[in-house]
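Please read the structure below before turning to the comments.
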Amino acid sequence: MPSPAQTEAVPFNPVQYARRGQVGVITVDYPPVNAVGHGVRSGLVAALDAGLADDGADALLIVCAGRTFMAGADIREFGKPSAPPTLPEVVAHLDSATKPVIASIHGTALGGGLEVALACHVRVAVKTAKLGLPEVKLGLLPGAGGTQRLPRLIGATEALDMILSGDPVGAEEALALGLVDAVEDGGSALEAGLRAAERLLANGSSPQPVSTRTGRIACTDPGLFTAKRADLAKRQPHLFSPHRIVDAVEAAVTLPFAEGTARERELFLACMDSPQRAGLIHAFFAEREVAKVPGLPAGTPTRDIRKVGVIGAGTMGGGIAMCFANAGIPVVLVDSAQEGLERGTAAIRRNYEATARKGRLTAAQVDERMALIHPTLSYTELGDADLVVEAAFESMEVKQTIFRRLGETCKPGAILATNTSTLDVDAIAAATGRPQDVLGMHFFSPANVMRLLEVVRGAKTSDTVLATVMALARRIGKVGVAVGVCYGFVGNRILHQRGRESMALVEEGASPEQVDRVLTEFGFPLGHFSMTDLAGIDVGWRIREERRKAGDPEAQAPSWLDTLAERGRYGQKTSAGVYRYEPGSRTPIPDPEVAAVIEEDRRRRGITPRPVSDEEVRERCLYVMVNEAAKILEEGIAARPVDIDAIWLHGYGFPSWRGGLLFWANQEGLGRIAETVQRYDRDIGGPQWRPSALLLKCAAEGRPIGC
Ligand code: 3H9
Numbered sequence: 001m002p003s004p005a006q007t008e009a010v011p012f013n014p015v016q017y018a019r020r021g022q023v024g025v026i027t028v029d030y031p032p033v034n035a036v037g038h039g040v041r042s043g044l045v046a047a048l049d050a051g052l053a054d055d056g057a058d059a060l061l062i063v064c065a066g067r068t069f070m071a072g073a074d075i076r077e078f079g080k081p082s083a084p085p086t087l088p089e090v091v092a093h094l095d096s097a098t099k100p101v102i103a104s105i106h107g108t109a110l111g112g113g114l115e116v117a118l119a120c121h122v123r124v125a126v127k128t129a130k131l132g133l134p135e136v137k138l139g140l141l142p143g144a145g146g147t148q149r150l151p152r153l154i155g156a157t158e159a160l161d162m163i164l165s166g167d168p169v170g171a172e173e174a175l176a177l178g179l180v181d182a183v184e185d186g187g188s189a190l191e192a193g194l195r196a197a198e199r200l201l202a203n204g205s206s207p208q209p210v211s212t213r214t215g216r217i218a219c220t221d222p223g224l225f226t227a228k229r230a231d232l233a234k235r236q237p238h239l240f241s242p243h244r245i246v247d248a249v250e251a252a253v254t255l256p257f258a259e260g261t262a263r264e265r266e267l268f269l270a271c272m273d274s275p276q277r278a279g280l281i282h283a284f285f286a287e288r289e290v291a292k293v294p295g296l297p298a299g300t301p302t303r304d305i306r307k308v309g310v311i312g313a314g315t316m317g318g319g320i321a322m323c324f325a326n327a328g329i330p331v332v333l334v335d336s337a338q339e340g341l342e343r344g345t346a347a348i349r350r351n352y353e354a355t356a357r358k359g360r361l362t363a364a365q366v367d368e369r370m371a372l373i374h375p376t377l378s379y380t381e382l383g384d385a386d387l388v389v390e391a392a393f394e395s396m397e398v399k400q401t402i403f404r405r406l407g408e409t410c411k412p413g414a415i416l417a418t419n420t421s422t423l424d425v426d427a428i429a430a431a432t433g434r435p436q437d438v439l440g441m442h443f444f445s446p447a448n449v450m451r452l453l454e455v456v457r458g459a460k461t462s463d464t465v466l467a468t469v470m471a472l473a474r475r476i477g478k479v480g481v482a483v484g485v486c487y488g489f490v491g492n493r494i495l496h497q498r499g500r501e502s503m504a505l506v507e508e509g510a511s512p513e514q515v516d517r518v519l520t521e522f523g524f525p526l527g528h529f530s531m532t533d534l535a536g537i538d539v540g541w542r543i544r545e546e547r548r549k550a551g552d553p554e555a556q557a558p559s560w561l562d563t564l565a566e567r568g569r570y571g572q573k574t575s576a577g578v579y580r581y582e583p584g585s586r587t588p589i590p591d592p593e594v595a596a597v598i599e600e601d602r603r604r605r606g607i608t609p610r611p612v613s614d615e616e617v618r619e620r621c622l623y624v625m626v627n628e629a630a631k632i633l634e635e636g637i638a639a640r641p642v643d644i645d646a647i648w649l650h651g652y653g654f655p656s657w658r659g660g661l662l663f664w665a666n667q668e669g670l671g672r673i674a675e676t677v678q679r680y681d682r683d684i685g686g687p688q689w690r691p692s693a694l695l696l697k698c699a700a701e702g703r704p705i706g707c
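Under the UniProt record's numbering, read the sequence shown as residues 1 to 707, first letter to last.
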């Protein structure tokens, strides 16, 4: 007998075969999400062969252990050579099985996971299951027969909608569409599958593979594809994979199955090779990676958050209260004036009712959420809150007064958070007498919509408090990113540099339209000046005016933007800002009045305008951001490039197919960026162009930033 030291480790087999009566059960058990990686693929083939060879098995059943059915191909394998059997080979094997195969779905059947189910002869789902083909969100298309089988089951129009949106459907909807054959209410997926197998065997009919069904696609209107292409060209001009998805589904209705499948493969591989796939997959992992804060050990204890207080019933406070109510957490909403409280609560209700009108909430849900928000003028009602988020006026004096009061009122261990976007969190924390319980929770407007939450760790914030708020961010559907204390934290500090450069470009000769066009062509949903109009010019103008009146030596001289604000052009809310807007429309229209104001401003400053190339706009707006991001890394305000990527992806509309600011910078070439930054440092100067030492070092060493 070999000694224990000589015993070879038995390779973990993620797929098991076992018989239950007449049914051969194939169980996939590959935590956390049963991704169809190499081990699962070979395991599925081996188990299928075992089932087909088992004379006692008249039907086969595929189920998954753990929390979910297979959630897709293993994304971590993408970009590496694919070891056989490939997923298309696995599904082909299933499709041609000589015994009926049933898939029983719980949790989420996504991507390659759903494609496995589509290649089975029968699909059943438990009531809570969700089914979808989200490949488009990763810059891909379903590459294991999904684009060919789904239309055959549910029709081309519905299949295109599902594959292009990437959004899953619930079990009941899947049943109505014809995607599953039955929905089982109660019991496990195994029980549901065994019941389906029993029915199938009692019925005795031999099921038809989906690949041979043509009824649902026979009468597809060819105009469908022309219309979809036109729609995509308008709505998603930058994206690569949606257009390939239309081509693949068209192939499903115009070509025999085998040829359609070959076409799908070709299109899938083209998507796999596209830089957009790499960017979107980086964005997928970035969202998950930021939850793991360096230096904060996994398993750090957290505090229970059962009740939250929000101070300030303005737009921000109201939005923050909604975030908690949406997650079922009761909120005490405190304001200093009855009128403000009433206005704020009414705005929250209006917001929920607008969502209900769009069909995304029922009237009962609106009432439930409103009932979770308790408005009050009294701080004493915060006594039993586990967390209080302050969203009051942006003034250190106001905030310190509030935090002093919170320190006196709140129970020991309550977490005290400020939503400040500019003030020093440590100075606010000092006022409480318990700085270890204080941090920043920087929400982005509209707070109930934007997914980013900068979690600002103060000098004395305890690990428990940070871990609690990071976990809470996830619970309320936010992407929480831990950052350090500095003016503007990470997101706004970078935005500020882009804003400064955008203004300078216009002063030198570019138009706001040109700057915005270059940014939207890059992939931002809004250009810098459209965004300024949306946020409101008056806010920044008032702050700048205050600083000028106070004689702040660092206050900026009045600009053409300040002139617009003086004229009451506050942006979209007054239908006029950097652009003008038709009543009820958000479409920016260039305005000769603004061009004249800019011209006048240049004259006043003695600037002779010059033609500015699009390339210069692109470099100055984007490279200045990269330079600032590198400084933020140097200073340790953000721990990793991925944190900055996630912040700009989820808070500022950075195009997800570019992966994030620093992922993109690495693709663009740090050498080129560093050289250009140095050139602008010489030619233009200013602290924003002083090159980051980290940027120069990475460029010189030819390595990506942060590695
Ligand atoms: C595809 O299928 C292509 C095919 O058509 C063609 C092939 C030829 N692979 O999100 P969570 C990890 S494309 C590898 O926090 P949740 C994730 O990184 C694929 N890993 O949990 C995390 O790891 P960690 C199409 C994956 O409960 C852990 O699992 N499928 C994968 O909030 C937990 O994830 C998709 O796009 C994967 N496929 O949500 C589905 N999925 O703990 C993508 C997850 O180390 N996945 N991980 O940070 C999801 O949407 C969500 O993860 C899911 C669970 C809803 C499943």
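Built from N, CA and C at the ideal position, the CB exists for glycine as well.
Values in this document were obtained by computation on a predicted structure and should not be read as measured data.
Do you know how far the Cα of residue 125 is from the Cα of residue 574? The straight-line gap from Cα to Cα measures roughly 52 angstroms.
Out of 66, 53, 21, 57, state which residue places its alpha-carbon closest to the alpha-carbon of residue 28. Residue nearest to residue 28 within the set 66, 53, 21, 57 is 66 (criterion: CA-CA distance).
Residue 596 at chain D interface by Cβ criterion, 7 angstroms: Of the protein chains in the structure, only one exists, and it is not chain D.
Through-space distance from residue 354 to residue 322, alpha-carbon basis: Rounded to whole angstroms, residue 322 to residue 354 spans 14 angstroms at the Cα level.
Whole angstroms is fine: what's the gap from residue 623's alpha carbon to residue 530's? Distance between the alpha carbons of residue 623 and residue 530: 20 angstroms.
What do you get for residue 586, buried or exposed, if any count of 16 or more other CB atoms within 10 angstroms of its CB means buried? Residue 586 is exposed by the Cβ-count criterion.
Tell me whether the beta-carbon of residue 79 lies closer than 7 angstroms to the beta-carbon of residue 19. In this structure, residue 19 does not lie closer than 7 angstroms to residue 79 by Cβ.
Residue 635 - DSSP class collapsed to helix/strand/coil: Three-state result, residue 635: coil.
Can you tell me whether residue 701 sits near the ligand 3H9, meaning its C-beta is under 6 angstroms from at least one heavy atom of the ligand? Checking the 6 angstroms criterion, the Cβ of residue 701 is out of range of every heavy atom belonging to the ligand 3H9.
8 angstroms contact criterion, which residue 792 and residue 108 should meet: CB distance rounded: Only positions 1 to 707 of the chain appear in this structure, which leaves residue 792 out of reach.
Cβ of residue 288 versus every heavy atom of the ligand 3H9: is any distance shorter than 6 angstroms? In this structure, residue 288 has its CB closer than 6 angstroms to one or more heavy atoms of the ligand 3H9.
Distance CB(residue 387)-CB(residue 308) smaller than 7 angstroms: The criterion of a C-beta distance shorter than 7 angstroms is satisfied by residue 387 and residue 308.
Could you check whether residue 154 and residue 178 sit closer than 7 angstroms to each other, using their CB atoms as the reference points? Between residue 178 and residue 154, the C-beta spacing is below 7 angstroms.
Examine the Cβ distances between the stretch 430-438 and the stretch 458-471 and report whether three or more of them are shorter than 8 angstroms. The way I'd put it, the stretch 430-438 does touch the stretch 458-471; three or more beta-carbon pairs between them come closer than 8 angstroms.
For residue 251, does the three-state DSSP call read helix, strand or coil? Residue 251 carries a helical assignment under DSSP once its states are collapsed to helix, strand and coil.
Extent of the continuous alpha helix (DSSP H) to which residue 85 belongs: In the DSSP annotation of this structure, residue 85 is not part of any alpha helix (DSSP H), being labelled neither H nor E.
Note down, in chain order, each residue of its chain lying with its Cβ closer than 6 angstroms to the Cβ of residue 294, except the 5 sequence neighbours on either side. Taken in chain order, the residues that qualify are 639.
Distance check for residue 50 and residue 2, CA to CA, integer angstroms please. Only weak support is given to the placement of residue 2: the predicted model assigns it a pLDDT of 37, under 50, and the value that follows is read from those uncertain coordinates. Distance between the alpha carbons of residue 2 and residue 50 is about 30 angstroms.
Rounded C-beta distance between residue 691 and residue 674? I'm assuming under 8 angstroms. Taking the Cβ atoms as the reference, residue 691 lies roughly 7 angstroms from residue 674, within the contact range of under 8 angstroms.
Near residue 495, what residues of its chain come up, given a Cβ to Cβ distance below 7 angstroms and the 5 sequence neighbours on each side ignored? 652, listed in sequence order.
On the CB-based measure, 16 or more other CB atoms within 10 Å of its CB, does residue 449 come out buried or exposed? When all chains shown are included, residue 449 counts as exposed.
Using C-beta distances below 7 angstroms, list every residue in its chain close to residue 185, excluding the 5 sequence neighbours before and after it, in chain order. Cβ within range, chain order: 127.
Please go through the stretch 124-165 and give each complete alpha helix (DSSP H) segment of 4 or more residues, from N-terminal end onward. Listed in chain order, they are 146-154, 156-165.
Does the distance from the C-beta atom of residue 243 to that of residue 232 stay below 7 angstroms? Yes. Within cutoff.
Using a Cβ distance threshold of 8 angstroms, determine whether the stretch 631-651 contacts the stretch 686-706, with at least three qualifying pairs required. The stretch 631-651 vs the stretch 686-706: in contact.
Residue 16 bridges to which residues according to DSSP? Paired residue(s): 27.
What distance in whole Å lies between the Cβ atoms of residue 136 and residue 166, which are believed to be in contact at a cut-off of 8 angstroms? Residue 166 to residue 136, Cβ: 4 angstroms. Contact.
Taking the Cβ atom as the reference point for each residue, do residue 660 and residue 286 lie within a distance shorter than 7 angstroms? Pairing residue 660 with residue 286 gives a Cβ-Cβ distance under 7 angstroms.
What are the boundary residues of the beta strand (DSSP E) that includes residue 71? Segment: none, residue 71 is in no beta strand (DSSP E) and carries neither H nor E.
From residue 311 to residue 604, what distance separates their C-alpha atoms? The straight-line gap from Cα to Cα measures roughly 44 angstroms.
Answer yes or no: the CB of residue 85 versus the heavy atoms of the ligand 3H9, is any distance below 6 angstroms? For the ligand 3H9, no non-hydrogen atom lies closer than 6 angstroms to the CB of residue 85.
Under 6 angstroms from any heavy atom of the ligand 3H9, does the C-beta of residue 409 make it? Flag unset: Cβ of residue 409 not near the ligand 3H9.
What residue from 460, 413, 432, 289 has the CA that sits closest to residue 301's CA? The residue with the shortest Cα to Cα distance from residue 301 is 413.
Using the C-alpha atoms, what's the distance from residue 371 back to residue 278? Approximately 44 angstroms, taken between the alpha carbons.
Locate the beta strand (DSSP E) running through residue 390, then write down its first and last residues. Taken as a continuous stretch (DSSP letters only), the beta strand (DSSP E) holding residue 390 covers 387-390.
Whole angstroms is fine: what's the gap from residue 10's alpha carbon to residue 77's? Confidence at residue 10 is low in this model, with a pLDDT of 48, below 50, so its placement is unreliable and the value that follows should be read with caution. If I take the Cα positions, the gap works out to 23 angstroms.
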